[in-house]
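Q: Going line by line, the protein sequences match chains A and B. For the first sequence, my numbering gives the first residue as 15, with consecutive numbering after it. For the second sequence, my numbering gives the first residue as 1191, with consecutive numbering after it. The C-beta atom is built at its ideal place from N, Cα and C for all residues, glycine as well. Bear in mind that the values here come from a model prediction, so they are computed numbers and not experimental data.
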Amino acid sequence: MTDWCMVIDLEKCVACQGCSIACRMENNTPVVSPEEAKNGRAIRWNDVFPLPVHFGPDQGEYPNVKMHYSTRPCMHCKNAPCVKVCPVQATFVDEEGIVRQNYDRCIGCRFCTVACPYGVRYFNWSEPQWEETLAEYRNPDQLSVNGSLEGPAVRPVGVVEKCTYCVHRLEKARARAAAEGREFRADEYVPACVQTCTGKARFFGDLDDPDSTVSQLSKSLRATHLLEDSGAHPKTLYLAEG
Amino acid sequence: MQQTLTLHDRDELITPLYKFDRKFWMVVAFLVAIITPGMLLYVRQLVLGLGVTDLNRPVFWGAYLVNFIFLIGISMAGTVISAVLQLLKVNWRRPITRIAESLTVFGLMTAGLQIVMDMGRPDRLVNTLLYGRLQAPLMWDIASLTLYLLTAVFALYLQLIPDIALLRDTAPTAAPEWRKKLYSILSLGWTGAKEQWRRLEKAITVVSVFIIPIGISLHTVTSWLFSTTVQPGWKSTILGPYFVVGAIFSGIGLLFIAVSLAALSSLALACSSSPSHLPVNIINTSKNTSLKLFTPIWAGSSS
Ligand code: SF4
Ligand code: SF4
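This is how it looks when you write it as structure tokens:
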């Protein structure tokens, strides 16, 4: 069975935030005003942030500072707490190991946001907005399975959203392969952040295929998970610096 | 044994149900003045989204959930306490039970409302029935709250049957038809016969036996709502007993306030179908005892 997984090599990451921007454009993430952002309302499916988050004496003194950065998409946990607490199955794991979100069903109880150990679930506190020019470049893709609303479709107010490993791209790649009358290959599907990554620090593929890049990388001595003891069995892999 | 009312009692108790004096309308106006701005603000929240509440990351749950917990807590007072009194056959319970049970019913209704108000999409409430999964903590809560509310309404109704029969029998001739009909349906043909009293007592006892575990389940489930998340300070096994004890504590507190208010207006006491009056010293003794008993437990479990 396919088990999609992302690997992020922190050694190669140059913290350019290209993935954040690509994610935004691909998934139509709403933009909030600076005041709202200060109030913790910003939606960042794929955040790039300094580690430790607060600059301290450990990072040295100017000009000899050493900063570390990390990036954080959804971990697509194998024992996902968000899926377990959702009362209406609005968030669910599909057969290929992707934790997906159905915007048409979510009742906005925000239980999943409280349950996710990684804080990657974002609630739409108000009607999603875009600045004029941005609105013109919205991704028209959307994924509708049995009447559920998924993918980069514009989210209604009051629902929760999160990184889906760009699951609509998987559907598109499958449809393209079917239209051309050939087998779908795993390397036809990559999320936008992986495609755009400047430092080529992100890898994506099938963890169940022993020959794929991600399974090879998962055997690396540097391979680690974020908060491994969270009990959620996170899947997204990090290759630690150093 | 038909109940009879003196002329004075009839004036005090039955007449106000049909003739609304100025005081009544003043209370209504006062409450409407409180509710209207609240309704307007809620409509605003519906239109603009939950952003108007000033909740944010990581404070996803705020005042609504606090209210919910508070109301669930005080609702414990009523039904569970009157059930315990019923099972222990304490004979001064009658005047208290009615007040206690109304507190429970109204507390629970408001608590349920808080959850709906906290939802980003209250219009999708029906999804909890269509796609609900019982493994989710929120569904435990919905199931438990609904069950508790239904049982509490039923328990209150059982206690009210003799009173409804009284209303049926004493309705003035000018009373509207629908009210007479309603009373006669709701009183279930109550005549006050000895056998009827015996059966009613039995039914109340059975409901009381059921309601105690249901009440305790609601409080533990509400605490698990928090324990099942990974928020610092919430993920703790003590929350279950902590919530139950806290609920009994605050519930009894509210009950004392309500009983004292009712005793002041003496309305509830006169309403009671039992002739015995509530001795004030019993209230005082039990208040002191429960304060002495619960304060250390509650303080102990919270530390
Ligand atoms: S990281 Fe959070 S949102 Fe993603 S699967 Fe795990 S618990 Fe769910
Ligand atoms: S906010 Fe939506 S996705 Fe999250 S638990 Fe509630 S219904 Fe499920």
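What does DSSP give as the partner residue(s) for Phe137/A in the beta ladder?
A: DSSP output for Phe137/A lists Val174/A as bridge partner(s).
Q: Is Pro101/A close to ligand 4? I mean its beta-carbon at under 7 Å from any heavy atom of the ligand.
A: Absence of ligand 4 is noted for the structure shown, with ligand 1 and ligand 2 being the only ligands found.
Q: Say whether chain A places a C-beta atom closer than 8 Å to the C-beta of Val1420/B.
A: So yes, Val1420/B belongs to the interface.
Q: With H, G and I counted as helix, E and B as strand and the rest as coil, what does DSSP make of Arg1389/B?
A: It is helical.
Q: So does Met20/A have its beta carbon nearer than 7 Å to some heavy atom of ligand 1?
A: No, ligand 1 has no heavy atom inside 7 Å of this Cβ.
Q: Reducing DSSP to helix, strand and coil, say where Asp1308/B ends up.
A: Note: Asp1308/B maps to helix in three-state DSSP.
Q: Count the other C-beta atoms from every protein chain shown that fall within 10 angstroms of the C-beta of Glu242/A, then say buried if there are 16 or more, exposed otherwise.
A: Under this definition Glu242/A is an exposed residue.
Q: How should Ser234/A be labelled, buried or exposed, when 16 other C-beta atoms within 10 angstroms of its C-beta is the threshold for buried?
A: The residue is exposed, with fewer than 16 neighbouring Cβ atoms inside 10 Å.
Q: When you compare the CB of Gly213/A with every CB in chain B, is at least one pair closer than 8 Å?
A: So no, Gly213/A is outside the interface.
Q: For Val228/A, go through chain B and note every residue whose CB falls closer than 7 Å to its CB, in chain order.
A: In chain order: nothing, as chain B lies at least about 27 Å away.
Q: Which whole-angstrom value is the C-beta distance of Val1411/B and Trp1330/B, which I expect to be below 8 Å?
A: The pair is a contact, with the Cβ atoms about 5 Å apart (cut-off 8 Å).
Q: Take Cys123/A as the anchor and find which of Cys100/A, Arg55/A and Val107/A has the nearest alpha-carbon.
A: Nearest of Cys100/A, Arg55/A and Val107/A to Cys123/A, Cα basis: Cys100/A.
Q: Going by the C-beta, is Lys176/A closer than 7 Å to any heavy atom of ligand 1?
A: Correct: Lys176/A has its Cβ closer than 7 Å to ligand 1.
Q: Who pairs with Asp23/A in a beta bridge, going by DSSP?
A: Paired residues: Leu253/A.
Q: Looking at chain B, is there any beta carbon in it that lies within less than 8 Å of the beta carbon of Phe257/A?
A: This structure leaves residue 257/A out entirely; chain A is present only between 15 and 256.
Q: How many angstroms separate the CA atom of Arg188/A from the CA atom of Phe198/A?
A: Straight-line Cα distance between these residues: approximately 6 Å.
Q: As an exercise, report each continuous alpha helix (DSSP H) stretch of at least 4 residues that is fully enclosed by the region 105 to 149 of chain A, in chain order.
A: If we require 4 residues or more, the alpha helix (DSSP H) runs fully inside the region 105 to 149 of chain A come out as 125 to 129.
Q: Would you tell me roughly how many angstroms separate the C-alpha atoms of Glu110/A and Cys19/A, rounded to the nearest one?
A: Their Cα atoms are separated by approximately 10 Å.
Q: On the CB-based measure, 16 or more other CB atoms within 10 Å of its CB, does Ser1426/B come out buried or exposed?
A: Exposed.
Q: Beta carbon of Leu5/A, beta carbon of Tyr76/A: below 8 Å?
A: Only positions 15 to 256 of chain A appear in the structure, and residue 5/A is not among them; the question remains open.
Q: How many angstroms separate the CA atom of Asn41/A from the CA atom of Trp144/A?
A: Distance between the alpha carbons of Asn41/A and Trp144/A: 13 Å.
Q: Any beta carbon of chain A sitting closer than 8 Å to that of Leu1240/B?
A: Interface residue, yes.
Q: Suppose contacts are defined by Cβ-Cβ distances below 8 Å. Is Val1295/B in contact with Ala1342/B by that definition?
A: In contact: Val1295/B and Ala1342/B (Cβ atoms closer than 8 Å).
Q: Looking at the structure shown, is Val62/A part of a helix, part of a strand, or coil, going by DSSP?
A: Residue state, collapsed to three classes: strand.
Q: Would a check of beta-carbon distances place Val134/A closer than 8 Å to chain B?
A: Cβ-Cβ to chain B under 8 Å: no for Val134/A.
Q: Under the rule that 16 or more other beta-carbon atoms within 10 Å means buried, what is Ile1262/B, buried or exposed?
A: By the neighbour-count rule (16 or more Cβ atoms within 10 Å), Ile1262/B is buried.
Q: Have a look at Leu1335/B, Val1420/B, Val1222/B and Ala1364/B and flag the residue whose alpha-carbon is nearest the alpha-carbon of Ile1401/B.
A: Closest by alpha carbon: Leu1335/B.
Q: Whole angstroms are fine: how far does the CA of Phe1220/B sit from the CA of Gly1241/B?
A: Distance between the alpha carbons of Gly1241/B and Phe1220/B: 29 Å.
Q: Expressed to the nearest angstrom, what Euclidean distance is found between the alpha-carbon atoms of Ala200/A and Ser158/A?
A: Rounded to the nearest angstrom, the two C-alpha atoms are 22 Å apart.
Q: Would you please verify whether the beta carbon of Tyr1321/B is less than 8 Å from any beta carbon of chain A?
A: Yes, because at least one Cβ of chain A sits closer than 8 Å to the Cβ of Tyr1321/B.
Q: Give the DSSP bridge partners of Ala94/A, in chain order.
A: DSSP, once it has assigned bridges, lists no residue as partnering Ala94/A.
Q: Any heavy atom of ligand 2 within a distance shorter than 7 Å of the CB on Val173/A?
A: Indeed, a heavy atom of ligand 2 lies less than 7 Å from the Cβ.
Q: At least one CB of chain A closer than 8 Å to the CB of Pro1248/B: is that the case?
A: Pro1248/B counts as touching chain A.
Q: Nearest to Asn1246/B by alpha carbon, out of Lys52/A, Trp59/A and Ser84/A?
A: When only C-alpha atoms are compared, the closest one is Lys52/A.
Q: Determine whether the beta carbon atoms of Arg1358/B and Ser1374/B lie at a separation below 8 Å.
A: Contact: yes.
Q: Following the continuous beta strand (DSSP E) through Phe1344/B, name the residue where it begins and the one where it ends.
A: Unbroken run through Phe1344/B is the alpha helix (DSSP H), Pro1327 to Thr1360; no beta strand (DSSP E).
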